[in-house]
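Residues 1 to 354, numbered by the UniProt record's numbering, are exactly what the sequence shown covers, in order. By construction, the Cβ of each residue, glycine as well, lies at the ideal position given by its N, Cα and C atoms. From a predicted model like this one, the values you see are computed outputs, not experimental measurements.
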Amino acid sequence: MPAPFTVGVIANPASGRDIRRLTSYASVFPTSEKANMVVRLLAGLGALGVDRVLTLRDRTGVAALLLRALDTHAAVGAQQRWPVVDFIDLPITDSVADTHAGVAAMLRAGVELIAVLGGDGTHRAVAAHCGRVPLLTLSTGTNNAFPDLREATVAGLAGALATSGAVPAEVAFTRNKRLVVRCVAGPNRGRSEIALVDVCVSRQRFVGARAISEPSDIETLFLTFASPDGIGLSSIGGAWAPVERTAAHGLHLRFARHGESGVPLVAPIAPGRVERVLMRTCERFEVGGWMPLETERGTLAFDGEREIELERGDQYEISLDWDGPLTVDVERTLRYSASRQLVREVANGVAQHT
């Protein structure tokens, strides 16, 4: 039986409920379904030997519903093995600071994997602080590019196999690219941010509701990957020059303003919204080195959300590297497991020691 190990779970209570539910037809992801996803994740993790899960409290009801499910599971004496669930005692701010603090606490507790339930922004927040700890990605909604949209039970099985070492690390985990933006001069000198999918120079001058909702707002776009079957800003690159996550480069696209000429592209920039944009140029964006962001006004958006309002004198530059998070490749892990019947073997070992 594998040695005992602990998994962290970050379930963003605010994901699936932002302004994009008004500006597009993105699905609303209810609190009850997030709690149900965590329960299904526990079933997959526990079946293959995960002993303990650390997670966070919240004020929206995810933790309360999870506690109710845990009480019911204990009361009925269910045969399925679930991990012990402990809630980290941290102040609740209802902001991204909760995610940052939660990840830091999980690292101090020695978790060997962090399962993330949320959108691109949630995964970006976790990736910025998780260090060498791998992530198990789960999308809560239909408008995300980075996390996997899959059944949480299955993801839990793969996460347990990967973390326990039953499946070799070189099979179970994938290293991801990331974009890094830093300010080298001006009022915000020293500030830096990362993105897992896209960095957009937006013509909108203010952060506002954050989401990039109008194609005319897009000045420049940098992408780590671009899937032709993706959604969001990265789908624009996927409509012209698809780039795999494993490719040794990204994309750099520039877009025309009103009245300028360009190559018309049609892409699903949000659920239910297929829009036309005019592209001026599209180039490979190579790993390594730094490129100046040639803009004096507007905002910078990271993974679809405006974060930085450009101030006079600010000079930003951008780079692409391979220092993004390790993530569990669920399909590859379970395919390897099936060829060797590891799920059966590990589950039998867990049952004998329960």
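- Pairing ILE212 with ALA128 gives a Cβ-Cβ distance that is not under 9 Å.
- Pairwise C-beta distances place the stretch 42-53 in contact with the stretch 71-86, as three or more of them are shorter than 8 Å.
- Under the 10 Å beta carbon count, THR6 is surrounded by 16 or more other beta carbons and is classified as buried.
- Listed in chain order, the beta strand (DSSP E) runs fully inside the stretch 21-89 are 52-56, 84-88, counting runs of at least 3 residues.
- Boundaries of the alpha helix (DSSP H) around GLU170: 169-172.
- Within the stretch 211-276, the complete beta strand (DSSP E) segments of 3 residues or longer fall at 218-223, 249-255, 263-270, listed in chain order.
- Contact check for PHE87 against ALA63 passes: the beta carbons are separated by less than 9 Å.
- According to the DSSP secondary-structure assignment, LEU300 is paired through a beta bridge with VAL201, ILE308.
- In this structure, the straight-line span from the alpha carbon of PHE225 to that of LYS177 is close to 8 Å.
- For GLU193, the enclosing beta strand (DSSP E) starts and ends at 192-195.
- Between MET291 and GLU260, the C-beta spacing is not below 9 Å.
- Secondary-structure assignment with DSSP links GLU286 through a beta bridge to HIS249.
- Listed as beta-bridge partners of THR327 by DSSP are LEU135, THR174.
- Where VAL9 is concerned, the enclosing beta strand (DSSP E) starts and stops at 6-11.
- Non-local C-beta neighbours of ARG191 in its own chain, meaning closer than 6 Å and more than five positions away in sequence, comprise CYS183, ordered along the chain.
- If the five residues before and after ALA347 are omitted, its C-beta is found closer than 8 Å to the C-beta atoms of ALA47, LEU48, all from its own chain and listed in chain order.
- Within 10 angstroms of the beta-carbon of SER95 lie fewer than 16 other beta-carbons, which makes it exposed.
- The beta carbon of SER319 sits closer than 6 Å to those of VAL180, TRP290, all from its chain and outside the five residues before and after it, given in chain order.
- Counting along the chain, the unbroken alpha helix (DSSP H) around LEU107 starts and ends at 96-108.
- LEU196 places its beta carbon less than 9 Å from that of PRO325.
- Leaving aside the five residues that flank ARG150 on each side, none in its chain has a CB nearer than 6 Å to its CB.
- Under DSSP, GLY118 takes part in a beta bridge, and its partners are SER139.
- 9 Å or more divides the Cβ of ARG284 from the Cβ of ARG254.
- For LEU320, the enclosing beta strand (DSSP E) has its first and last residue at 315-321.
- GLY131 is the residue among GLY119, VAL201, ASP98, GLY131 whose C-alpha sits nearest the C-alpha of LEU107.
- Straight-line measurement puts the Cα of VAL350 at about 45 Å from the Cα of GLY288.
- Listed in chain order, the non-local C-beta contacts of PRO242 below 6 Å within the same chain comprise ALA226, PRO228, local neighbours out to five positions each way being set aside.
- Beta-bridge annotation (DSSP): PRO292 is paired with GLU317.
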